[in-house]
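Please read the structure below before turning to the comments.
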Amino acid sequence: MVLLLIVDGANVVGSVPDGWWRDRRGAAERLRDRLVPLAGEGVRGHPGPLEVVLVLEGRARGVGDAPGVRVEDAPGSGDDRVVELVREHAGRSVVVVTADRGLRERVAALGAGVVGPRAVRSG
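In structure tokens:
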């Protein structure tokens, strides 16, 4: 089965101070578009193809899917939605992209791997 890569959108977008706070939705769209080639190519240590899910919260919600990238709008906390997705895919190889220490601990306790934002960001 293809590895599931779950991206903590708020954390990855926020990892580079490039003015994202002025246009959260636009920043989420740019991240989504950067994820498209990763669905086929993979990320360091995890060759493609990958199933990629981008989790968005707050004002970043409402960004549509892109080829190879499914966008999940968190009804509340993005972290909680990431954890729910990991639980929903128990027994499957899952890697979460985040630098959030608390989220890293929560998903690792459920058996998911974790990589930092640099795995999917250039900048």
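For reference, each letter of the sequence shown is one residue, going 1141 to 1263 in our numbering. Here a beta-carbon is modelled for each residue, glycine too, at the ideal position from N, C-alpha and C. Here the structure is a predicted model, which means the values were calculated and not measured.
In chain order, what residues of the same chain lie with their CB nearer than 7 Å to the CB of residue i, ignoring the 5 residues before and after it?
i            : result
residue 1246 : 1223
residue 1248 : 1254
residue 1231 : none
residue 1207 : 1176
residue 1168 : 1149, 1153, 1196, 1200, 1203
residue 1190 : 1142, 1143, 1145, 1178, 1179, 1182
Between which two residues does the beta strand (DSSP E) harbouring residue i extend?
i            : result
residue 1148 : 1143-1148
residue 1236 : 1234-1237
Report buried or exposed for residue i, applying the criterion of at least 16 other Cβ atoms within 10 angstroms of its Cβ.
i            : result
residue 1264 : There is simply no residue 1264 to check, as the chain begins at 1141 and stops at 1263 in what is shown.
residue 1265 : Nothing about residue 1265 can be reported from this structure: the residues present for the chain run from 1141 to 1263 only.
residue 1250 : exposed
residue 1161 : exposed
residue 1257 : buried
Beta-carbon separation of residue i and residue j under 8 Å?
i            : j            : result
residue 1211 : residue 1205 : yes
residue 1209 : residue 1179 : yes
residue 1200 : residue 1241 : no
Is DSSP giving residue i helix, strand or coil here?
i            : result
residue 1206 : strand
residue 1189 : coil
residue 1211 : strand
The alpha helix (DSSP H) with residue i in it runs from where to where?
i            : result
residue 1242 : 1241-1249
residue 1180 : 1164-1181
residue 1218 : 1218-1228
Ignore the nearest five residues each way along the sequence and tell me which others in residue i's own chain have a CB closer than 8 Å to its CB.
i            : result
residue 1243 : 1148, 1151, 1219, 1222, 1223, 1236
residue 1141 : 1232, 1233
Here's a check: name, in chain order, each residue in its chain whose Cβ is nearer than 6 Å to the Cβ of residue i, leaving out the five neighbours to either side.
i            : result
residue 1193 : 1146, 1210, 1212
residue 1263 : Because residue 1263 sits at a pLDDT of 41, beneath the cut-off of 50, its placement in the model cannot be relied upon, and the point is left open.
residue 1225 : 1146
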